[in-house]
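Visitor: Read top to bottom, the protein sequences are chains A and B.
When we follow the UniProt record's numbering, the leftmost residue of the first sequence carries the number 1, and every step to the right adds one.
When we follow the UniProt record's numbering, the leftmost residue of the second sequence carries the number 1, and every step to the right adds one.
All residues carry an ideal CB built from backbone N, CA and C; glycine is no exception.
Protein chains: 2
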Amino acid sequence: MAVVLRCRAIPACSRRALQRAFSPRAASSVHDMDRTSLLVRAIVPPLSASKHKGQDGRIGVVGGCQEYTGAPYFAAISALKVGADLSHVFCTREAAPVIKSYSPELIVHPVLDSPAAVQEVQKWLPRLHALVVGPGLGRDEQLLGSVQGILEASKATGIPIVIDADGLWLVAQQPTLVQGYHKAILTPNHVEFGRLYEAVFGGPVDSEDQGDAVLKLSQALGNVTVVQKGARDVISDGQQVLVCSREGSGRRCGGQGDLLSGSLGVLAHWALLAGPERTHGPSPLLLAAFGACSLTRQCNQQAFRKHGRSTTTTDMIAEIGAAFRELFET
Amino acid sequence: MAVVLRCRAIPACSRRALQRAFSPRAASSVHDMDRTSLLVRAIVPPLSASKHKGQDGRIGVVGGCQEYTGAPYFAAISALKVGADLSHVFCTREAAPVIKSYSPELIVHPVLDSPAAVQEVQKWLPRLHALVVGPGLGRDEQLLGSVQGILEASKATGIPIVIDADGLWLVAQQPTLVQGYHKAILTPNHVEFGRLYEAVFGGPVDSEDQGDAVLKLSQALGNVTVVQKGARDVISDGQQVLVCSREGSGRRCGGQGDLLSGSLGVLAHWALLAGPERTHGPSPLLLAAFGACSLTRQCNQQAFRKHGRSTTTTDMIAEIGAAFRELFET
Numbered sequence: 001m002a003v004v005l006r007c008r009a010i011p012a013c014s015r016r017a018l019q020r021a022f023s024p025r026a027a028s029s030v031h032d033m034d035r036t037s038l039l040v041r042a043i044v045p046p047l048s049a050s051k052h053k054g055q056d057g058r059i060g061v062v063g064g065c066q067e068y069t070g071a072p073y074f075a076a077i078s079a080l081k082v083g084a085d086l087s088h089v090f091c092t093r094e095a096a097p098v099i100k101s102y103s104p105e106l107i108v109h110p111v112l113d114s115p116a117a118v119q120e121v122q123k124w125l126p127r128l129h130a131l132v133v134g135p136g137l138g139r140d141e142q143l144l145g146s147v148q149g150i151l152e153a154s155k156a157t158g159i160p161i162v163i164d165a166d167g168l169w170l171v172a173q174q175p176t177l178v179q180g181y182h183k184a185i186l187t188p189n190h191v192e193f194g195r196l197y198e199a200v201f202g203g204p205v206d207s208e209d210q211g212d213a214v215l216k217l218s219q220a221l222g223n224v225t226v227v228q229k230g231a232r233d234v235i236s237d238g239q240q241v242l243v244c245s246r247e248g249s250g251r252r253c254g255g256q257g258d259l260l261s262g263s264l265g266v267l268a269h270w271a272l273l274a275g276p277e278r279t280h281g282p283s284p285l286l287l288a289a290f291g292a293c294s295l296t297r298q299c300n301q302q303a304f305r306k307h308g309r310s311t312t313t314t315d316m317i318a319e320i321g322a323a324f325r326e327l328f329e330t
Numbered sequence: 001m002a003v004v005l006r007c008r009a010i011p012a013c014s015r016r017a018l019q020r021a022f023s024p025r026a027a028s029s030v031h032d033m034d035r036t037s038l039l040v041r042a043i044v045p046p047l048s049a050s051k052h053k054g055q056d057g058r059i060g061v062v063g064g065c066q067e068y069t070g071a072p073y074f075a076a077i078s079a080l081k082v083g084a085d086l087s088h089v090f091c092t093r094e095a096a097p098v099i100k101s102y103s104p105e106l107i108v109h110p111v112l113d114s115p116a117a118v119q120e121v122q123k124w125l126p127r128l129h130a131l132v133v134g135p136g137l138g139r140d141e142q143l144l145g146s147v148q149g150i151l152e153a154s155k156a157t158g159i160p161i162v163i164d165a166d167g168l169w170l171v172a173q174q175p176t177l178v179q180g181y182h183k184a185i186l187t188p189n190h191v192e193f194g195r196l197y198e199a200v201f202g203g204p205v206d207s208e209d210q211g212d213a214v215l216k217l218s219q220a221l222g223n224v225t226v227v228q229k230g231a232r233d234v235i236s237d238g239q240q241v242l243v244c245s246r247e248g249s250g251r252r253c254g255g256q257g258d259l260l261s262g263s264l265g266v267l268a269h270w271a272l273l274a275g276p277e278r279t280h281g282p283s284p285l286l287l288a289a290f291g292a293c294s295l296t297r298q299c300n301q302q303a304f305r306k307h308g309r310s311t312t313t314t315d316m317i318a319e320i321g322a323a324f325r326e327l328f329e330t
């Protein structure tokens with residue numbers, strides 16, 4: 001029986017609140033559900049002058065091709081703004097100078113269309129804490145073939161892998177690519193979720209209960225974490241279901257999903273580092289996903305307040321610092 | 001007999017005002033003409049958390065060549081700032097990295113000088129709600145040949161097509177390209193209007209009444225919408241004439257027309273979606289054009305107040321959010 005948790009706002013943090021958040025009583029109460037965000041706070045590593053560069057996260061983004069250069073930039077810069085120390089992008093040769101031009105903060109590798117793409121990425125994997133696969137990847141057959149190899153190599157290193165956008169297109173072609181890999185997190189939107197569901201079950205979503213459908217997909221894929229983005233974000237690891245309905249806005253500009261996937265790369269690393277002892281109930285990756293969804297919505301809300309209908313993802317990224325503090329540090 | 005409507009300012013919104021705006025009495029009154037802006041409000045889709053990315057508009061811009069890279073960027077980013085969810089640019093190979101580098105928000109396809117340009121654009125058309133043809137297009141014969149094919153393919157999908165700048169040069173060579181396509185909107189400046197008029201009638205503009213000339217050109221082209229930009233913007237669909245003389249400024253920096261054409265792409269989509277029932281009189285595309293003219297002028301006015309003679313189109317684009325709210329949301 002799945003436990004369904006809902007979250008709306010952030011109450012004050014206290015040890016008692018943390019303990020109550022996942023009590024049996026809490027599971028059915030909206031107010032107690034709100035406390036999920038408190039648990040996210042517990043996975044955020046303290047900043048310390050004694051730490052070295054890289055200790056708070058080295059994130060890789062696989063994507064960036066002929067058409068798409070903004071998406072991998074959005075994901076990689078979001079990872080930095082959430083608090084990662086280093087952010088790498090692995091993209092095609094012609095996409096690289098453009099992505100580099102967006103920001104001197106990123107380390108951009110023009111290797112994804114090389115015949116040695118898998119080896120080129122693989123040699124960086126031991127230095128990465130999480131991989132985000134899909135932003136701006138496109139559907140070129142050769143690229144998707146390389147990404148298949150990169151996914152296999154990444155699984156072998158045991159790092160969390162966030163899969164979004166055309167990375168999900170690849171998974172829908174070959175669900176075995178993520179089957180049973182507990183550190184995989186899939187972040188489908190409505191259309192992508194339907195495609196994945198159909199690939200796995202051979203038919204369209206048959207349940208009106210969104211939570212049930214997400215839970216079922218997660219279970220069928222061997223308990224990978226599934227984040228169905230939408231009016232409410234529904235998250236499951238096949239055991240629990242979390243629902244994030246924090247207020248955002250009605251603005252749906254392209255790129256918001258990249259902010260989410262990049263943030264999630266960092267939070268997934270932090271959550272696994274913190275371990276289940278500190279997450280007090282839900283699995284670390286479930287909580288990381290909840291954190292990334294909350295953060296994306298908060299950024300959307302803050303940016304919308306300033307820019308209204310003209311809000312773009314760049315405006316949302318400018319809000320990450322303040323939104324993170326608001327949600328997880330005050 | 002054409003109905004000529006004039007607009008200057010924005011009165012308070014009310015059902016009664018909407019009903020009066022296009023009454024026979026109103027048609028001859030400057031004050032009632034002002035109410036046209038109210039009607040534009042009625043085509044703006046409400047923002048809603050339950051919408052998916054793309055539902056509020058996926059716009060394509062065809063342009064960007066060896067000399068011109070700013071114009072397609074201005075048009076495409078303006079579409080996003082007005083409220084489209086996704087904005088594509090179809091340009092030449094060498095223009096693409098530059099346009100991409102202006103903003104990670106755009107999806108830029110380096111296909112316009114490919115021998116397969118028409119097919120490359122055509123495969124995206126089913127995902128687009130409107131096409132803006134001409135910003136930064138240039139007059140290369142091969143490119144114009146491809147654009148001719150793109151126009152034919154776009155007409156077959158039934159989407160609105162805004163044609164500006166060297167897209168109008170092409171139309172002046174072959175007026176049959178748009179003849180009778182009711183979802184075409186031409187946005188000529190003074191020179192471009194004269195060229196089109198001459199191409200269609202075989203002689204220069206012979207009427208001193210600007211409204212009559214615009215009406216006549218629209219009718220001769222089979223009721224495409226014509227927006228003659230100038231000290232006053234005069235708009236006609238061959239049945240009605242709208243005049244927009246909202247205060248702008250004396251500043252005429254290059255790129256303002258691109259802001260107008262990009263905005264118009266979005267508004268045309270919204271207007272057709274709303275349908276004639278919600279436009280209470282004028283045709284949806286007439287109203288969309290009026291909205292885009294008003295918005296461009298308002299952006300010009302706001303930017304000029306801050307930057308005076310040094311105002312550039314980038315300054316105007318920064319005003320789109322506030323100008324849109326001022327005109328159509330407050």
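At which residues does the alpha helix (DSSP H) containing B:D206 begin and terminate?
Guide: Neither: B:D206 is in no alpha helix (DSSP H) and is coded neither H nor E.
Visitor: On the CB-based measure, 16 or more other CB atoms within 10 Å of its CB, does A:K183 come out buried or exposed?
Guide: Classification for A:K183: buried.
Visitor: Which residues does DSSP list as the beta-bridge partners of B:A130?
Guide: DSSP lists B:I59 as partners of B:A130.
Visitor: Using only the heavy atoms of the ligand HEM, determine whether one of them is closer than 7 Å to the beta carbon of B:A156.
Guide: Ligands displayed in this structure: none; no statement on the ligand HEM is therefore possible.
Visitor: If you drop the 5 nearest sequence neighbours on each side, which residues of the same chain put their C-beta closer than 7 Å to that of B:G194?
Guide: So the list reads P204, V205, once near-sequence residues are dropped.
Visitor: Skipping 5 residues on each side, what residues in its chain have a beta carbon closer than 6 Å to that of B:E319?
Guide: The residues are C299, Q302, A303.
Visitor: Using the C-alpha atoms, what's the distance from B:Q148 back to B:G57?
Guide: Computed Cα separation, rounded: 24 Å.
Visitor: Excluding the 5 residues flanking B:L327 on each side, which residues of the same chain have their C-beta closer than 7 Å to its C-beta?
Guide: Result list for B:L327: I10, S37, S294, L295, Q298, in chain order.
Visitor: Is the beta carbon of B:A49 less than 8 Å from the beta carbon of B:T69?
Guide: Not in contact: B:A49 and B:T69 (Cβ atoms no closer than 8 Å).
Visitor: Got a sec: which bits of the region 166-190 of chain B sit with their beta carbon under 8 Å from any beta carbon on chain A, in order along the chain?
Guide: Correct list: empty, as no residue qualifies.
Visitor: From which residue to which residue does the beta strand (DSSP E) around A:C91 run?
Guide: Where A:C91 is concerned, the enclosing beta strand (DSSP E) stretches over 86-91.
Visitor: What is the rounded straight-line gap between the Cα of A:R309 and the Cα of B:H88?
Guide: Straight-line Cα distance between these residues: approximately 19 Å.
Visitor: For a minimum of 4 consecutive residues, which ranges assigned as the alpha helix (DSSP H) are wholly contained in the region 100-168 of chain A?
Guide: Counting whole runs of 4 or more residues, the region 100-168 of chain A contains the alpha helix (DSSP H) stretches 117-122, 141-157.
Visitor: Grab me the residues of B:C65's own chain with a C-beta within less than 8 Å of its C-beta, minus the 5 sequence neighbours each way, in chain order.
Guide: Excluding residues within five positions, the ones whose Cβ falls inside 8 Å are C91, T92, A95, L112, D113, G136, L137, G138, D140, L143.
Visitor: Measure the CB-CB distance between B:V118 and B:A153 and report whether it falls below 8 Å.
Guide: The answer is yes: Cβ separation under 8 Å.
Visitor: For B:P97, decide whether its Cβ has a neighbour in chain A, counting only Cβ atoms nearer than 8 Å.
Guide: Cβ-Cβ to chain A under 8 Å: yes for B:P97.
Visitor: When the cut-off is 8 Å and only beta carbons count, does A:E67 lie next to chain B?
Guide: Closer than 8 Å to some Cβ of chain B, the Cβ of A:E67 qualifies, so yes.
Visitor: Does any residue of chain B have a CB that is nearer than 8 Å to the CB of A:C299?
Guide: Not an interface residue.
Visitor: Which residues does DSSP list as the beta-bridge partners of B:T225?
Guide: Answer is B:I185.
Visitor: Roughly how many whole angstroms lie between the Cα atoms of B:C253 and B:K81?
Guide: Approximately 20 Å, taken between the alpha carbons.
Visitor: At least one CB of chain A closer than 8 Å to the CB of B:D85: is that the case?
Guide: Output row for B:D85: interface = yes.
Visitor: So B:E105 contacts chain A; which residues on that side make the cut at Cβ distance below 8 Å?
Guide: Simply G70, C253, G254, G255, T312, T313, T314.
Visitor: From the DSSP output, read off the bridge partner residues of A:D315.
Guide: Paired residues: none, contrary to the question.
Visitor: Could you check which residue in A:V62, A:L242, A:Y197, A:G281 has the C-alpha nearest to that of A:A220?
Guide: Comparing Cα-Cα distances from A:A220 to each of A:V62, A:L242, A:Y197, A:G281, the minimum goes to A:Y197.
Visitor: Could one say the Cβ of A:A262 lies closer than 8 Å to chain B's Cβ atoms, at least one of them?
Guide: The question names Ala, but residue 262 of chain A in the sequence shown is Gly. Closer than 8 Å: no.
Visitor: Can a CB atom of chain A be found closer than 8 Å to the CB of B:Q55?
Guide: Closer than 8 Å: yes.
Visitor: What in chain B is Cβ-close to A:G248, meaning under 7 Å?
Guide: The contacting residues are A49.
Visitor: So, at 8 Å on beta carbons, what are the nonlocal neighbours of A:Q174 in its own chain, with the 5 sequence-adjacent residues on each side left out?
Guide: For A:Q174, where only same-chain residues beyond five positions count, the Cβ hits under 8 Å are Q148.
Visitor: With a threshold of 8 Å between beta-carbons, can A:H307 be considered close to chain B, or not?
Guide: Yes, contact with chain B.
Visitor: Residues of chain B with a CB under 7 Å from the CB of A:F193: which are they?
Guide: Chain B residues near A:F193: none, gap ~11 Å exceeds 7 Å.
Visitor: Who does B:I43 pair with in a DSSP beta bridge?
Guide: In the DSSP output, where bridge partners are listed per residue, B:I43 has none listed.
Visitor: When burial is assigned at 16 or more other CB atoms within 10 Å of the CB, is A:A26 buried or exposed?
Guide: Any answer about A:A26 is weak, because its pLDDT of 31 lies below 50 and its placement is not dependable; what the coordinates show is given next. Counting Cβ neighbours within 10 Å, A:A26 comes out buried, since at least 16 surround it.
Visitor: Compare the beta carbon distance of B:I163 and B:G134 with 8 Å and say whether it is the shorter of the two.
Guide: Result yes, Cβ atoms of B:I163 and B:G134 sit closer than 8 Å.
Visitor: Please decide whether B:H129 counts as near chain A, where near means a Cβ-Cβ distance under 8 Å.
Guide: No, because no Cβ of chain A sits closer than 8 Å to the Cβ of B:H129.
Visitor: Under 8 Å, Cβ to Cβ, is there at least one residue of chain B near A:H31?
Guide: Residue confidence is low: A:H31 scores 42 on pLDDT, short of 50, so the model does not pin down where it sits. Its coordinate-derived value is still stated next. Not closer than 8 Å to any Cβ of chain B, the Cβ of A:H31 fails to qualify, so no.
Visitor: Does B:L38 have its Cβ less than 8 Å from a Cβ in chain A?
Guide: Not one chain A Cβ lies under 8 Å of B:L38.
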